[in-house]
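In what follows, a single structure is set out as structure tokens and then discussed.
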Amino acid sequence: MKKPTSLSSRLTVYWIVGFAVSYFTLPIIVALLLAALRLNEFSDANLQSWTTKRARFTVEAALRKGPDGRLFVEQTDELRAYMEANPHFRFAVLDAKNDELLPGSSEDLAAAFAPRGRADMLTISFHLADDPDPDARGWVRTIATEVGTVRFILYGANFHGDDVLYQISYAFTWGNFFVYLPICAVMALIALFVVRRGLAPLRAAAGKAASIDLNSLDQRIPVAGLPSEVAPFVEAMNKALERVDDGVARQKRFLANAAHELRTPITILCSHIANPDDQTFREDIKRDARRIRTIVEQLLSVAHISGQKGASEKDIDLGKAALSVILDYMPLAIESGRNIELDCASSPVMARANGWALESVVTNLVENAVRAEPVGGNVLVRVSPGATIEIVDHGEGVAPNDREAIFEPFWRKSNSTRGAGLGLAIARELIDQQGGRIWVEETPGGGATFKVSLPHVVQEPVSPPLNDLAAPQLAKPAFIV
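Under the UniProt record's numbering, think of the first position of the sequence shown as 1, with each following residue one higher.
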């Protein structure tokens with residue numbers, strides 16, 4: 001059977017099933033508890049009163065009709081086992097037509113109800129006055145069976161746990177079922193009405209969500225009137241819409257700034273192309289093309305950063321990575337009249353990162369630091385044990401109000417500043433995607449200190465060889481290149 005996809009249908013079905021289970025079982029269970037605790041209104045009711053259904057079914061199954069048409073009770077295996085489990089159990093079965101006691105019945109028990117007089121005993125619960133057990137109960141009822149209408153007199157059965165199952169199974173009769181059907185129909189209509197009214201705010205929220213597109217990301221799904229179980233989901237959707245809206249706004253600003261940044265070098269290039277006879281024509285064309293290529297490469301880097309998340313991450317020795325970048329940049333630093341100093345820990349500092357991304361970030365920061373460092377000064381690259389890389393210069397520094405803005409795309413201190421203002425924005429994106437952090441502080445005495453923190457990988461200490469235990473401990477290495 002296919003499961004209903006509609007929430008209203010599911011809730012209605014669950015309501016009907018739950019009501020059916022409660023209708024057929026809850027009254028019996030509650031009555032059983034009241035009988036066990038003797039809290040109900042009938043002072044003579046107890047657990048022994050719940051044995052009558054099983055006892056009657058057992059005796060009824062033993063009724064037989066002889067060749068002469070007379071009824072009798074056969075000692076079947078089921079009846080014999082029941083009487084062994086209930087040593088004090090007695091029964092008497094009388095033919096309802098003539099009050100004749102059927103063979104196999106207890107004559108003493110039948111005698112307690114003779115003479116019957118003019119009263120027809122339909123259903124009676126009783127206790128024999130001469131029985132010393134005050135909890136013993138009996139039951140009298142006239143029932144039409146397959147072999148004829150008889151009167152059952154049952155007495156002295158002990159309560160067992162499975163007697164409850166007989167009571168519950170007895171409740172599943174056609175009479176009870178036909179009583180349940182109209183009640184079920186009414187409850188189904190009520191449930192359907194309540195569910196639909198309860199889900200009306202959710203349908204309104206779904207309609208609102210369906211109307212939101214790329215041009216209306218600023219709209220939000222109303223939470224007022226929603227069920228408390230659904231409200232957190234809608235609030236999460238609103239937060240997701242807010243993040244999407246912010247992302248789309250950043251993309252729009254990015255495209256607008258990219259177009260603006262490309263327009264200037266293209267305009268300059270066009271002006272140079274218009275004067276091919278200038279002596280500096282070839283150099284001007286190369287410089288303009290190089291500037292346009294740099295901007296395009298940076299734009300492509302920003303566009304492909306999201307595809308690099310988690311790619312090729314491995315444990316990297318930050319000291320070696322920093323040294324590799326410094327050695328590559330060394331010729332330019334010497335040519336510009338600056339020095340670069342590397343200060344790293346005595347033991348490897350390992351971090352989980354993408355090698356290409358880390359090299360790109362450190363290269364960008366070192367290039368900026370060398371450009372900001374006064375001629376003859378030293379740029380310090382420090383690798384700390386907590387998986388932090390610091391690039392320290394002694395230039396003009398970064399104003400406190402600009403320390404967050406410098407990481408925005410296309411930010412430049414002034415129009416005369418070189419570059420497109422994408423380097424630090426790319427660096428932050430790459431570090432953020434690796435679970436790290438990048439920020440800038442003021443260098444003591446003046447300048448800027450950029451710090452990059454990455455997820456630290458703790459390595460198990462390695463014991464030195466025995467012949468090295470007496471070797472002198474060296475200070476942590478410091479390189480000036």
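Note that beta-carbon positions come from the ideal geometry of N, C-alpha and C, so glycine has one too.
Express the C-alpha separation of L454 and M237 in angstroms, rounding to a whole number.
Roughly 31 Å between the two C-alpha positions.
Quick check on DSSP: helix, strand or coil for G376?
DSSP places G376 in coil when its eight states are reduced to three.
Distance check for F450 and L358, CA to CA, integer angstroms please.
Cα to Cα, L358 sits roughly 14 Å from F450.
Where does K286 sit, in a helix, a strand or coil, going by DSSP?
In the structure shown, K286 sits in a helix (DSSP, three-state: H, G or I).
Going by CA-CA distance only, name the one from G319, L189, A333, L109 that's closest to A372.
Closest option to A372, Cα to Cα, is A333.
Leaving out five residues before and five after T123 in sequence, what residues of the same chain have Cβ atoms less than 6 Å from its Cβ?
These residues qualify, in order along the chain: R141.
Near D317, which residues of its chain fall below 8 Å by C-beta distance, leaving aside the five closest residues on each side in sequence?
So the qualifying residues of the chain are P348, V349, M350.
If I426 and V452 are in contact, beta carbons under 8 Å, what's the gap, nearest whole angstrom?
The pair is not a contact, with the Cβ atoms about 13 Å apart (cut-off 8 Å).
Confirm the yes/no value for this check: CB of F126, any heavy atom of the ligand FMN, distance under 7 Å.
Inclusion of the ligand FMN in the displayed structure is not the case, the ligand content being empty and no account of it being possible.
Apart from the five residues just before and just after R90, which ones in its own chain have a Cβ nearer than 7 Å to its Cβ?
If we look at R90 and ignore the five residues flanking it on each side, its Cβ neighbours are S106, L109, Y155, G156.
Between the stretch 92 to 99 and the stretch 177 to 192, are three or more C-beta pairs nearer than 8 Å?
Flag = no, the stretch 92 to 99 and the stretch 177 to 192 do not touch.
Rounded to the nearest angstrom, how far is the Cβ of G397 from that of G446, given a contact under 8 Å?
At roughly 6 Å, the Cβ-Cβ gap stays under 8 Å, so G397 and G446 are in contact.
Just tell me which of F177, G337, V93 has its CA closest to the CA of P103.
Of the listed residues, the one whose Cα sits closest to P103 is V93.
Ordered along the chain, which non-local residues of its own chain (more than five positions away) have a Cβ less than 6 Å from that of N158?
Within the same chain, N158 has close Cβ partners N86.
In angstroms, rounded to a whole number, what distance separates the CA positions of R338 and P222?
Cα-Cα distance, rounded: 60 Å.
For the beta strand (DSSP E) containing D162, list its first residue and its last residue.
Per DSSP, D162 belongs to no beta strand (DSSP E) and is neither H nor E.
Please look up how many angstroms separate the CB atoms of V457 and D246, rounded, as I've assumed it's under 8 Å.
Actually they do not touch by this definition, with Cβ atoms about 33 Å apart.
In angstroms with no decimal places, state the Cα-to-Cα distance between Y166 and R80.
Going from the Cα of Y166 to the Cα of R80 covers about 19 Å.
State the start and end residues of the unbroken beta strand (DSSP E) segment that holds K314.
That run of the beta strand (DSSP E) goes 313 to 317.
Please classify F91: does DSSP put it in a helix, a strand, or coil?
The answer is strand: DSSP assigns F91 an E or B state.
Between the beta-carbon of R54 and the beta-carbon of F152, is there less than 8 Å?
Contact flag unset, no.
According to DSSP, is F19 part of a helix, a strand, or is it coil?
Helix, per DSSP.
Return the residue from the list G395, K252, F193, E146 that minimises the CA-CA distance to P374.
Checked all of G395, K252, F193, E146; the closest Cα to P374 is G395.
Per DSSP, K451 is paired with what?
Answer by DSSP bridge pairing, in chain order: E390, W439.
Among all the DSSP beta bridges, which residues are the ones paired with A217?
The question names Ala, but residue 217 is Leu in the sequence shown. BP columns for L217 are empty, so no partner.
Applying the criterion that 16 or more other CB atoms from any shown protein chain within 10 Å of the CB defines a buried residue, is T51 buried or exposed?
With 16 or more other Cβ atoms within 10 Å, it is buried.
Which residues does DSSP list as the beta-bridge partners of Q344?
Looking at the sequence provided, one finds Cys at residue 344 rather than Gln. Answer by DSSP bridge pairing, in chain order: V383.
Compare the C-alpha of R437 against each of R197, V361, D343 and name the closest.
Taking only the C-alpha atoms, the option nearest R437 is V361.
Give the DSSP-derived three-state secondary structure of F113 in the structure shown.
Here F113 sits in coil by DSSP.
With DSSP as the reference, label N339 as helix, strand or coil.
Correct three-state label for N339: strand.
Could you work out which residue in L269, I273, I212, D277 is closest to R290 when comparing CA atoms only?
It is L269.
Which partner residues does H456 have in the DSSP bridge list?
In the DSSP output, where bridge partners are listed per residue, H456 has A351.
If you follow the beta strand (DSSP E) that V59 is in, where does it begin and where does it stop?
Careful: V59 lies outside any beta strand (DSSP E), inside the alpha helix (DSSP H) at 52 to 61.
Could you tell me the alpha carbon to alpha carbon distance between L214 and A249, rounded to whole angstroms?
Between L214 and A249, the C-alpha separation is close to 11 Å.
Leaving aside the five residues before and after V194 along the sequence, list all residues of the same chain whose C-beta is less than 7 Å from its C-beta, in chain order.
Result list for V194: empty, nothing under 7 Å.
Note down the Cα distance separating S9 from P227, rounded to an integer number of angstroms.
Distance between the alpha carbons of S9 and P227: 18 Å.
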